[in-house]
Structures are given as C-alpha cells and as structure tokens.
Amino acid sequence: MNIQVSQAIFFLGLLSYLAIRTVYQRKAHASGPSQSDRSTPQDKALILLVIVGQVLLPLVYAFTPWLNFASYPSIPAASYLGSILWVAGIWLFWRSHADLGTNWSVTLEVQHNHQLVKRGVYHFVRHPMYASFLVLGIAQAALLPNVIAGTSAFIAVVVLCIVRVPREEAMLCEVFGQEYRRYMQTTGGVVPTLFGRGVA
Ligand code: SAH
Numbered sequence: 240m241n242i243q244v245s246q247a248i249f250f251l252g253l254l255s256y257l258a259i260r261t262v263y264q265r266k267a268h269a270s271g272p273s274q275s276d277r278s279t280p281q282d283k284a285l286i287l288l289v290i291v292g293q294v295l296l297p298l299v300y301a302f303t304p305w306l307n308f309a310s311y312p313s314i315p316a317a318s319y320l321g322s323i324l325w326v327a328g329i330w331l332f333w334r335s336h337a338d339l340g341t342n343w344s345v346t347l348e349v350q351h352n353h354q355l356v357k358r359g360v361y362h363f364v365r366h367p368m369y370a371s372f373l374v375l376g377i378a379q380a381a382l383l384p385n386v387i388a389g390t391s392a393f394i395a396v397v398v399l400c401i402v403r404v405p406r407e408e409a410m411l412c413e414v415f416g417q418e419y420r421r422y423m424q425t426t427g428g429v430v431p432t433l434f435g436r437g438v439a
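Numbering of the sequence shown is given in the numbering used here, commencing with residue 240 and proceeding in unit increments.
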C-alpha cells in the first residue's frame, strides 16, 4: 500500500469520525442543557489536546512541509494493519455514541434524567469511547509514517485517560452510588474483563 492510499484511508476515516460526532452532538444539543456541568478548564485543555493530536497535526503533516523532518518511509504491513484498526476504532466510536445516546457529553456532565448505560459495548467496558480513541491512535501511528503526526493522538488520549477516567468514575459513583460501584466490579475499564473483574 503506498503512502497516498494510507493517507486517503486515514482522512476518509477522519471524515466519518467527525460526521458521527456531529450527528450525536446535535442530538445531545436538541435534548436540552445538562443538569450539572462538572467540567474544569483542565478538561477543556485536554479536549483541545486531543483535537490537536487527532485532527490538527495530521492535517499539518498532509498539507504542509512543516513536519517533513519527522517522516520516515511507510511500511506496507503497518498500513494494512492500520486500516483494519482504523475501521474497528470507528465502529467502536460509533457504537459507544449509539449506546450512550443523550447521556453523552464532550466534558464531564450529568444530564437531567441521566441513565446509567450498561448495555451494548458498555456491557464489556466502562469506557468504550476512550478505548476507541486508543485504537484509533494506534491506527493513526500505523497509517501516518511521521513520528509527530503518527503518535500525537495516542499520546493525547493516554493523557486524557489518566487525568479524566478517575474524575469521571468519581462523578458517576456520586450520581449512581452502589449501582456504579457494582458495575465497576464486573466490567473492565478500557480493556474488556476476562475473568469477572476489570483489568484497566
Ligand atoms: N467514558 C465513557 C463516556 C465518555 S462521554 C466512554 O469512554 O465511553 C463522557 C460522559 O459520559 C460523562 O459526562 C458521563 O456523564 C457519561 N457517562 C460515562 N459513562 C457512562 C455510563 N456508563 N452511563 C451513562 N453515562 C455515562
């Protein structure tokens, strides 16, 4: 697979990713304002970091010569593997949105009539959307042979997970109490549970 094809796959996937997000953002917007917004300036900075890693740096890499110094020859096997992971990541991102429905928000929020979702992909992991970001981050590294534009999304998402997951889980424990604590005991965090308890 040549570099143009792997870049085309990457940007087509990025367009479907942005389309999915736009559809669910509109639905969330139509369902009205949240009951309580727990986001901090740090949350907003993290989202910006993820946008830079997932969208801005790949665009700079593809359309300017500024990141050329960090490029290396593309590896065909990596491009094929990256394409498979890219499709799997987009599918998981879409299913996470579909299962979470109007309970979703970009930052940490509690909706009016917020429902704890444990079905669909949330049956296997508590953070399938963040898991999809990690899969997409690995796919980006495999599809874009550039040290900066390839690794930027994965690094940004690891930072997001480290900072945000404990705060999000504390918030959900406060809102859903024992029900969320029981859910944590039986469901994996970002990696599916193999033997009855979460492993991440
Ligand atoms: N961490 C989840 C969701 C990310 S969206 C994932 O990776 O799939 C963030 C919002 O989703 C938070 O504001 C929180 O209110 C909500 N949320 C997270 N897990 C939830 C669940 N199991 N059920 C309902 N809402 C949830």
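Glycine included, each C-beta is placed from N, C-alpha and C at the ideal position.
| Item | Value |
| --- | --- |
| First and last residue of the uninterrupted alpha helix (DSSP H) at G328 | P315 to L339 |
| Alpha carbon of L320 to alpha carbon of F250, nearest angstrom | 16 Å |
| I387 vs Y256 beta-carbon contact at 9 Å | no |
| Per-residue DSSP class, three states only, for S376 | Just to set this straight, residue 376 is Gly in the shown sequence, not Ser. Reduced to three states, the DSSP call for G376 is helix. |
| E407: CB within 8 Å of a non-hydrogen atom of the ligand SAH | yes |
| Helix, strand or coil at N352 according to DSSP, with G and I counted as helix | coil |
| Alpha-carbon spacing of Q350 relative to S273, whole angstroms | 4 Å |
| Whole-Å CB distance - Y263 paired with W343, under 8 Å assumed | 6 Å |
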